[in-house]
Ligand code: SF4
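This is the structure we're talking about:
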């Protein structure tokens, strides 16, 4: 739990990190959040009661359900979102979109917005990065378009993977078709989570991969802004 989050959605937000993720992204900076059997077991009542203590801090923002993959626990998310909504608290779900849409539609409907990680627009590249394709994420985005659910896209820029002009152009072209996409956040790959991979004894493939330069990021942002997208 983070009571004063400023980077996961609009305003100052309470961020709840739910344990467990079915993906295995090569750059995951929270590999300790992947195992669903770790973490603390809490009811939605307990979590809601705790969040309520911060209500005055988060009135300009709200609550973000993050992870791991929060929608891996749809029953918990649904219950908590219902409680937050009933108290007029703005909610966002930070998701990779990997969960089958039918199992999470009601959670998406309840949330005020989605922060949707599009890992890669080419399915093969997505599989290389995450171990799975992007079909569910695309379906989730199309559903948001059909229900006018505001979406902020997140996309990690990794040299040798997504830092590729044609991939970036393909991604920008695709996203520019969606009215529900209010913003695209291009996130430079960083190595801050590298030590966690070591500590967990996991094999990390990006030891020799540098972070993108400022110039790389400026070029990437221009590709998206040239398509009329609002880029951060
Ligand atoms: S979706 Fe997020 S939490 Fe899951 S493996 Fe990828 S980066 Fe890590």
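Numbering (my numbering), first residue to last: 832 to 1063. We treat Cβ as the ideally placed atom computed from N, Cα and C, and that holds for glycine.
- Counted as a single uninterrupted DSSP element, the alpha helix (DSSP H) harbouring residue 937 occupies residues 932-941.
- With 16 or more other CB atoms across the displayed protein chains lying within 10 angstroms of its CB, residue 965 is buried.
- In the structure shown, the three-state DSSP call for residue 993 is coil.
- Note on the stretch 890-933: whole beta strand (DSSP E) runs with a minimum of 3 residues are 893-898, 922-926, in chain order.
- Residue 1004 and residue 860 have their alpha carbons spaced roughly 28 Å apart.
- For residue 956, the enclosing alpha helix (DSSP H) begins and ends at 954-961.
- Taking residue 1058 as the centre and dropping the five residues before and after it, the same chain places the C-beta of 1003, 1007 closer than 6 Å to its C-beta, in chain order.
- For residue 973, the enclosing alpha helix (DSSP H) has its first and last residue at 966-978.
- If you draw a straight line from the Cα of residue 1027 to the Cα of residue 874, it comes to about 28 Å.
- Setting aside the 5 residues that flank it on each side, residue 1018 is surrounded in the same chain by 985, 986, 987, 988, each with a C-beta closer than 8 Å to its C-beta; the list follows chain order.
- Annotated three-state conformation of residue 846 is strand, per DSSP.
- For residue 834, the three-state secondary structure derived from DSSP is strand.
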